[in-house]
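Worksheet for the structure shown next.
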Amino acid sequence: MGKPKAPAAPDPAKTAAAQTGTNVTTALANAQLGNVNQYGPDGSVTYSQNGGTTFTDPTSGAKYFIPQYTQTTSLSPQQQAIKNQSDAASLNLGSIANQQSNFLKDYLAKPVNLDTQATEARTMDLANQRLAPLIAKRDEDLRTRLANQGIKAGSDAYKNELNTFNQGTNDAYNSLILNGHQQAVQDILTQRNQPLNEISALMSGSQVGMPQFGAGTNQPSLPTVDYSGLVEQNYQNQLGAYNTQMQQRNGILGGLFGLGGKLIGLSDKRSKEDIHEVGEMAGHKLYSFKYKKGKGDGKHHVGVMAQEVEKKRPDAVSRRPDGMKQVDYGKLFGASK
Numbered sequence: 001m002g003k004p005k006a007p008a009a010p011d012p013a014k015t016a017a018a019q020t021g022t023n024v025t026t027a028l029a030n031a032q033l034g035n036v037n038q039y040g041p042d043g044s045v046t047y048s049q050n051g052g053t054t055f056t057d058p059t060s061g062a063k064y065f066i067p068q069y070t071q072t073t074s075l076s077p078q079q080q081a082i083k084n085q086s087d088a089a090s091l092n093l094g095s096i097a098n099q100q101s102n103f104l105k106d107y108l109a110k111p112v113n114l115d116t117q118a119t120e121a122r123t124m125d126l127a128n129q130r131l132a133p134l135i136a137k138r139d140e141d142l143r144t145r146l147a148n149q150g151i152k153a154g155s156d157a158y159k160n161e162l163n164t165f166n167q168g169t170n171d172a173y174n175s176l177i178l179n180g181h182q183q184a185v186q187d188i189l190t191q192r193n194q195p196l197n198e199i200s201a202l203m204s205g206s207q208v209g210m211p212q213f214g215a216g217t218n219q220p221s222l223p224t225v226d227y228s229g230l231v232e233q234n235y236q237n238q239l240g241a242y243n244t245q246m247q248q249r250n251g252i253l254g255g256l257f258g259l260g261g262k263l264i265g266l267s268d269k270r271s272k273e274d275i276h277e278v279g280e281m282a283g284h285k286l287y288s289f290k291y292k293k294g295k296g297d298g299k300h301h302v303g304v305m306a307q308e309v310e311k312k313r314p315d316a317v318s319r320r321p322d323g324m325k326q327v328d329y330g331k332l333f334g335a336s337k
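When you line the sequence shown up against full-length UniProt numbering, it's residues 1 to 337, in that order.
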């Protein structure tokens, strides 16, 4: 297990350029998906490419061609005939409205005349023809009733009854005049607004409408890929794996260099038992093992076999006075710490 190599951080410029390319590609794909030709009994709507523009990414210098599209609406013969007639009618109505609008210049410049005296006089004349005989009859009936009740003419009671009767008569005439005045004002304003309403109706009728082509089409949309986020996540994953490997390596080194704090340790295969290969470091196999009785503390250790190291790095192997081989771990792995 050699020293792990830390992953390189993503290049911001390259990541931004790749994200731009992804965005442009997605936008172009969505444009193609959205430009769906439509055909129906009333006509058709079709799309065609009409040139385009070239976009240059300022971060990378990459050039992208952005096509432009033309939408063409065609009507069936029947719908085209209807539209022609509708256009002609709208033109006529618009012309009439234009002519009438010239009339409004002088018409609106004149103030509204709300003089209702003639109407009020006519109202009173008609009222007198109908009400005067009725009022005279009621006046005569009142005087007869008062006489039958023994109320003498000229007395206070007699005068009060006549005053009450006359007041009611005046109120009736005043109400008639007020109602007549209000109706006259309403008639004047209606007459004043009539040309305005006619022109408004003509202008509303001259609006041009487009025919319908039935139900809309299904236009799918592709989401934009978060390329920058994916690159960053991949970097974080690699960095996490690197940190894990470094922790494992440091743990192994701790085990190798933790043999009583000595860098030179007994590594002769003849002194070990319960041997199991557990990995590799700097091109040398690592083993889990216990020292045989009388050779160590009886605990599990991790290390190399002197006989194997001697084949590659004889300079890191020496012989103890008892004939057992030992390995200088500092020399063997010093370059890879």
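Glycine included, each C-beta is placed from N, C-alpha and C at the ideal position. This structure is a prediction, so every number in the text was calculated from the model and none was measured.
Can you tell me where the alpha helix (DSSP H) holding residue i begins and where it ends?
i	result
I82	77 to 109
N50	Segment 43 to 56 is the beta strand (DSSP E) holding N50; no alpha helix (DSSP H) there.
I135	117 to 148
L112	Checking the sequence, you will find Val at residue 112 rather than Leu. Taken as a continuous stretch (DSSP letters only), V112 belongs to no alpha helix (DSSP H), as it is neither H nor E.
V304	Careful: V304 lies outside any alpha helix (DSSP H) and carries neither H nor E.
If you follow the beta strand (DSSP E) that residue i is in, where does it begin and where does it stop?
i	result
G279	272 to 281
G265	264 to 266
Looking at the strands, I want to know which residues DSSP matches up with residue i.
i	result
Q38	V45
P67	G52
Y291	K272
K325	R319
H284	M281
S228	In DSSP, S228 forms no bridge with anything.
H300	K290
T73	V45
Taking 7 Å as the CB-CB limit, is residue i close to chain D?
i	result
Q186	Note that chain D does not occur in the displayed structure, where there is just one protein chain.
My assumption, with CB atoms under 8 Å, is that residue i sits in contact with residue j. Please give the rounded CB distance.
i	j	result
Q71	Y47	6 Å
M324	L266	6 Å
E161	L178	That belief does not hold up - the Cβ atoms of E161 and L178 are roughly 26 Å apart, past 8 Å.
E308	H284	7 Å
T59	A13	5 Å
L263	Y329	5 Å
Q19	S228	5 Å
A62	G21	7 Å
S288	V302	6 Å
K290	H300	6 Å
V45	N37	7 Å
Count Cβ pairs between the region 79 to 89 and the region 146 to 157 that sit closer than 8 Å; are there 3 or more?
No, the region 79 to 89 is not in contact with the region 146 to 157.
Quick check: the region 63 to 72 against the region 18 to 31, are there 3 or more CB pairs under 8 Å?
Touching, yes, given that three or more Cβ pairs across the two stretches are closer than 8 Å.
Three Cβ pairs or more, each shorter than 8 Å: is that satisfied between the region 165 to 174 and the region 98 to 118?
The region 165 to 174, when compared against the region 98 to 118, does not touch it at the 8 Å Cβ threshold.
Contact between the region 225 to 238 and the region 267 to 287 is defined here as three or more beta-carbon pairs at a separation below 8 Å; is this criterion met?
no
Could you check whether the region 39 to 48 touches the region 278 to 291, counting it as contact only if at least three pairs of C-beta atoms, one from each stretch, sit closer than 8 Å?
no
Assess contact between the region 93 to 101 and the region 180 to 200, defined as three or more Cβ pairs (one per stretch) separated by less than 8 Å. Is contact present?
yes
The region 159 to 171 contacting the region 100 to 114, beta-carbon criterion three pairs below 8 Å
no
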